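Here's the structure we're looking at; comments come further down.
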Amino acid sequence: MSASQYEACRVDYKDLHRFIEQALAAAGADQASREAVAKALVTASLMGTDSHGLRLLPHYLNALQGGRIKGSPTPSIKQRLAGTAVLDADDGFGHLAGYRAIDHAVSMAREVGIGAVAVGNSSHFGAAGCYALAAAEQGMLGMAFCNSDPFVLLHGSQRAFHGTNPIAFAAPVAGEDPYLLDMATSSVPMNRVQQYAAIGRPLPADIAATSDGSTTTDARQVSALLPVGGAGFGFKGAGLGGMVEVLSSTLANMVHGFRLLPMGGPDMSTPRGVGHFFLVMDPGAFEERSAFERRLAEYLKDLREMTPVEGQRVLAPGDREWQTRDERKQTGIPLDHAQRDQYRQIAERFALTALTEH
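Quick note: the sequence shown uses the working numbering, first residue -5, plus one each step.
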């Protein structure tokens, strides 16, 4: 079955942003929190990162109303050295912590060329690429990392140990949209498996496993994900997941992901203590910015001019996302049948003006 067969409707991204903010406000989120969450979810949905876009709103509302996430946190930043800081998210939304950490890292990078912020006492922050992108939009190189509770098998193990532990990197490109890499260190994010399970869509092979470690394409039977590299070469993804763990939890003095409360509950009242790490670099601190821009443009030109395999296109990281964004701004963001029903229920639950579907 094609992807279009799972699509129920489309909605305008501005209307989606409005709805998300209003739902979060009704559930008790302050203005800064709801603006950050709406920005991150709509950005992810526009770019086609559907596993970390609008589908997460129902979960966030439950976590907010359950008390796991504070609707009006008081994040605080402690400056350690000229280029390093720690942000305490005060158990608020990870999206708010992420954007504030990036902004602070950018400020440090403007002063000393580099800025690194470890974040503790946070929560799920959506798509890591949103924060690397926020740095690139301010002319900086940006990196974002985050740990999570265990969804991913160690190579050769039957039991999950690391989270999907994403890595995101973005670079500003003169006159173009940024270069953007946003990847899980598992073969796919768990949110995508949950999305496929909700609509009865089969998974690709060699990305997920049942409780005994056997691979499966049935999203409803998945107990854990395989690391990048799959069954044969998963030690590579497992190693990257471990690197992210050290950066995200250890530097912020948080428990590592194996000991985190599950994102999916059932406890929606106890804060989880998720950790993030953000690194921002000013290209002009290493070389004249004009030289950086010229060399990056040459690299991307060479990359895109490589001869493709028949029926394929050679794309730089971010090319697919920007094409999808441009299309979805014109045609709308797709909702599958499960998401459409959830958004209708949220509208009824909080007496909101429903999304206009088309």
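Quick reminder that beta carbons are idealized off the backbone N, C-alpha and C, glycines included.
On a predicted model such as this, the values are computed, not experimentally measured, just so you know.
Are there 16 or more other CB atoms within 10 angstroms of the CB of residue i, so buried, or fewer, so exposed?
i	result
ASP44	buried
ALA178	buried
THR158	buried
ASN115	buried
GLN336	buried
GLU282	exposed
LEU241	buried
PHE13	buried
MET(-5)	Its pLDDT being 43, under 50, MET(-5) is placed unreliably by the model, and nothing is read from it.
GLU15	buried
ALA354	Shown here, the chain extends from -5 to 352; a query on residue 354 therefore has no answer.
PHE280	exposed
PRO237	Sequence check: residue 237 is Met here, not Pro. MET237 should be labelled exposed.
ASP85	buried
PRO144	buried
SER142	buried
LYS72	exposed
PRO183	buried
LYS295	exposed
SER181	buried
ALA103	buried
SER284	exposed
Any heavy atom of the ligand COA within a distance shorter than 8 Å of the CB on residue i?
i	result
ILE327	Among the ligands in the structure shown, none appear at all, so the ligand COA cannot be discussed.
Cutting at 7 Å between CB atoms, please list the residues of its own chain near residue i, excluding the five before and the five after it.
i	result
CYS3	LEU329, ARG334, GLU351 and HIS352
ALA17	LEU51, LEU55, ILE340, PHE344 and LEU346
ARG74	VAL80
SER205	SER217
GLU1	PRO328 and ASP330
ALA19	ARG28
ALA9	Correcting the residue type first, residue 9 is Asp in the shown sequence and not Ala. Contacts found: LEU349 and THR350.
Helix, strand or coil, according to DSSP, for residue i in the structure here?
i	result
GLU304	coil
PRO52	helix
VAL167	coil
ARG62	coil
GLN188	helix
PHE229	helix
ALA218	strand
THR318	helix
VAL146	strand
GLU282	coil
MET248	coil
ALA122	coil
PHE87	coil
MET(-5)	Unreliable placement is indicated for MET(-5), whose pLDDT of 43 sits below 50; no coordinate value is reported for it.
GLY136	strand
ARG343	helix
LEU174	strand
ALA199	coil
GLU131	coil
ALA76	coil
GLN116	Note that residue 116 is Ser in the sequence shown here, rather than Gln. Strand.
LEU40	helix
GLU1	strand
GLY236	helix
ALA213	helix
VAL100	helix
ARG338	helix
HIS352	coil
VAL111	strand
PHE13	helix
ALA310	coil
ALA23	coil
My understanding is that residue i touches residue j, with C-beta atoms under 8 Å, so please give their C-beta distance in whole angstroms.
i	j	result
VAL106	ALA76	5 Å
ALA38	GLY120	6 Å
ALA162	LEU135	Wrong, their Cβ atoms sit about 11 Å apart, outside the cutoff.
ALA332	ILE193	6 Å
MET41	ARG319	5 Å
SER243	GLY251	7 Å
HIS98	ALA34	The Cβ separation is near 17 Å, so there is no contact.
GLY235	VAL146	6 Å
ALA213	PRO160	Actually they do not touch by this definition, with Cβ atoms about 20 Å apart.
TYR190	ALA310	That pair is no contact at about 27 Å.
CYS140	VAL249	No, CYS140 and VAL249 are not in contact; Cβ-Cβ is about 14 Å, not under 8 Å.
If you drop the 5 nearest sequence neighbours on each side, which residues of the same chain put their C-beta closer than 6 Å to that of residue i?
i	result
PHE229	HIS149
GLY60	MET262 and SER263
ILE96	TYR125, ALA128, ALA129 and PHE272
GLU380	With the chain running from -5 to 352 in the structure shown, residue 380 is simply not present.
SER66	ASP24
ALA21	LEU55, LEU58 and GLN59
Considering only residues of the same chain and omitting the five flanking positions on each side of residue i, which have a CB-CB separation below 8 Å?
i	result
TYR7	VAL36, SER39, LEU40, ARG322, LYS323, GLY326 and ILE327
GLN(-1)	none
PRO69	LEU81, ASP82, ALA83, ASP84, GLY86, LEU90, ALA91 and ARG94
### Query
At what residue ranges does the segment 254 to 283 contain a whole run of the beta strand (DSSP E), taking only runs of 3 or more?
268 to 275
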